[in-house]
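Everything in the sequence shown is counted per the numbering used here, starting at 337 for the first residue and increasing by one. Where is the CB? At the ideal position from N, CA and C, for every residue including glycine. Here's the structure we're looking at; comments come further down.
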Amino acid sequence: MLILNNSYSNIYAGKTKNRNFYNATLTNNTSNTADNYTLSFYNSSRNSVPVDFKYNTKISFGEFFDPNRTIPHIDYEEYKAMTESTKKRFRKKYNEFMKAVDEEELVDLKYKYMPLKENRDMENFIKISKIYTKYKDNPIICLGRSPKWFLNTALWMKDGINDYKFVAFSKFWYRPDSHGYKRMDSMAPTPKEETAYRNYLKRIKADPKTIVDNMEKTGKKTIITDYICSGKGACSFLDVLSRYADDLGILEKFAKSIQIVGIGSMDYMEELNPFAEYISIPRVPMPDKLRPYKNEIKQEYYDIDYRVFEEMLLNQNTNECRSTYYPHETWTIYRPDQFKTGLIKDLKKVKEMAKKLKTKKDSMSSFTPAMYDFRNLLNFHILDELDKRDLLKETHRSKM
337 MLILNNSYSN
347 IYAGKTKNRN
357 FYNATLTNNT
367 SNTADNYTLS
377 FYNSSRNSVP
387 VDFKYNTKIS
397 FGEFFDPNRT
407 IPHIDYEEYK
417 AMTESTKKRF
427 RKKYNEFMKA
437 VDEEELVDLK
447 YKYMPLKENR
457 DMENFIKISK
467 IYTKYKDNPI
477 ICLGRSPKWF
487 LNTALWMKDG
497 INDYKFVAFS
507 KFWYRPDSHG
517 YKRMDSMAPT
527 PKEETAYRNY
537 LKRIKADPKT
547 IVDNMEKTGK
557 KTIITDYICS
567 GKGACSFLDV
577 LSRYADDLGI
587 LEKFAKSIQI
597 VGIGSMDYME
607 ELNPFAEYIS
617 IPRVPMPDKL
627 RPYKNEIKQE
637 YYDIDYRVFE
647 EMLLNQNTNE
657 CRSTYYPHET
667 WTIYRPDQFK
677 TGLIKDLKKV
687 KEMAKKLKTK
697 KDSMSSFTPA
707 MYDFRNLLNF
717 HILDELDKRD
727 LLKETHRSKM
């Protein structure tokens, strides 16, 4: 299923249940396109509100509060503004969410439970999130949606990272052959698509020149992190970057300015290959232009507990909550950096994508109210568990 966001025009055709709002005051300023709400929902005193946090603040995350939703946007600031009684209400909502949700609004019906409920799972999730704190002084590129929950958690942690850059990227055109991995030119981006993606990378400052300039200025390599299994996706991404760097005449400098941090599950790989005698530690294969420099590019891999891997990566309800589907066929169609969520809100663009990808229109869905609620409740749950463990930052600004 292709999950695309239409914040102001709900494409989703499924049924929506009547939902009970908490004793909240939610104020829409216009009938259909409101993006302001009153934060008296939190029922908190002024003393508990973080510095510079403003009530009636405009949502700056590309998010529209659909009247069918029950959970408002929750990030660090909203959590810190909550009283203990409000937190108790949200804990109950988290525990009971799957009992009340309209299942037709979920992506994955195999997982009808909220992630990280067990203390053991939360501890293992935090353990992986903490590995990113090793790189707090490095620029970090989050490749695709898979590492985002872990990186967001590292953002909220004491002594955690200060920032990271999300880069939308989907599909791959490197495939294994008898000699390693081969570029399938028929599957690769067209010159026009590659030009559009280079412009996107330059706009968000994830382009080779920015990476090399930072290395020369600070001596810090840029961390590229992704979920790694075969490594075909990351290899294809590096193919785009290395071709770009080569055209700029900085290929060798670029190779010496990056480091790869992979996360994944060896147990899952064994499950995929039950008859294999040996499962090697996942690594990103190098694309053609970077093969001469493969020894210059350090790779690290961190294994995720299987239960956490299943809940946070295999579970498509979790996986899609911070996603954008951005294969090269769409690179000339829309710009994911226009919205904080990286999701499309323009109905015309959605239709254009469906046609371009030869996808049936009825197989496409908007980012449903349930998915927004799921995402924000999981945000709350992670923030709350960090707070209980005295791991939450004293100050942090998510709304820049």
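Contact annotation: residue 568 and residue 593 have beta-carbon atoms that are not nearer than 7 Å. The beta-bridge partner set that DSSP reports for residue 585 is empty. In the same chain as residue 617, and ignoring 5 residues on each side of it, the C-beta atoms closer than 7 Å to its own belong to 637, in chain order. Just measuring C-alpha positions, the residue of 409, 451, 458 sitting nearest residue 723 is 458.
When DSSP reads this structure, residue 501 sits in a beta bridge with 477. Judged by their CB atoms, residue 509 and residue 578 are not nearer to each other than the 7 Å cut-off. Annotation for residue 646: no residue places its beta carbon closer than 6 Å to its own, counting only its chain and skipping 5 residues before and after. If you compare the alpha carbons of 574, 582, 500 with that of residue 540, the shortest gap goes to 500. When secondary structure is reduced to three states using DSSP, residue 412 falls in the helix class. Judged by beta-carbon spacing, residue 653 lies beyond the 7 Å limit of residue 590, meaning their Cβ atoms are not closer than that value. Relative to residue 604, the option among 506, 644, 671 whose CA is nearest is 644.
Across the structure, residue 551 and residue 471 are spaced so that their CA atoms are roughly 14 Å apart.
In the structure shown, residue 662 adopts coil according to DSSP, grouped into three states.
Its Cα nearest to that of residue 667, the residue 506 stands out among 433, 415, 506. Shown here, residue 669 sits in coil according to DSSP, grouped into three states, outside any helix or strand. For the pair residue 534 and residue 468, the CB atoms are not nearer than the 7 Å cut-off. Taking 7 Å as the cut-off, the Cβ atoms of residue 707 and residue 451 do not count as close. Relative to residue 537, the option among 429, 503, 425, 522 whose CA is nearest is 503.
In this chain, the beta strand (DSSP E) harbouring residue 518 covers 516-519. Separation of the CB atoms of residue 412 and residue 483 is rounded to 19 Å, and the pair is thereby denied contact status at 8 Å.
The beta strand (DSSP E) runs lying completely inside the stretch 577-625 and spanning 3 residues or more are 594-600, given in chain order. Distance from the CA of residue 614 to the CA of residue 463, rounded to the nearest whole angstrom, comes to 26 Å.
Per the C-alpha coordinates, the member of 673, 730, 409 positioned closest to residue 542 is 673.
Taking the Cα positions, residue 661 is about 33 Å away from residue 554.
A check of alpha carbon separations from residue 494 across 650, 586, 726 identifies 726 as the nearest. With a cutoff of 7 Å on beta-carbon distance, residue 517 and residue 717 are scored as not near each other. Remark: C-beta atoms of residue 444 and residue 651 approach each other more closely than 7 Å. A straight-line Cα-Cα distance of about 38 Å links residue 547 and residue 442. Burial check for residue 488: the Cβ neighbour count within 10 Å reaches 16 or more, so the residue is buried.
Taking all protein chains shown into account, residue 712 has 16 or more neighbouring C-beta atoms within 10 Å of its C-beta and is therefore buried.
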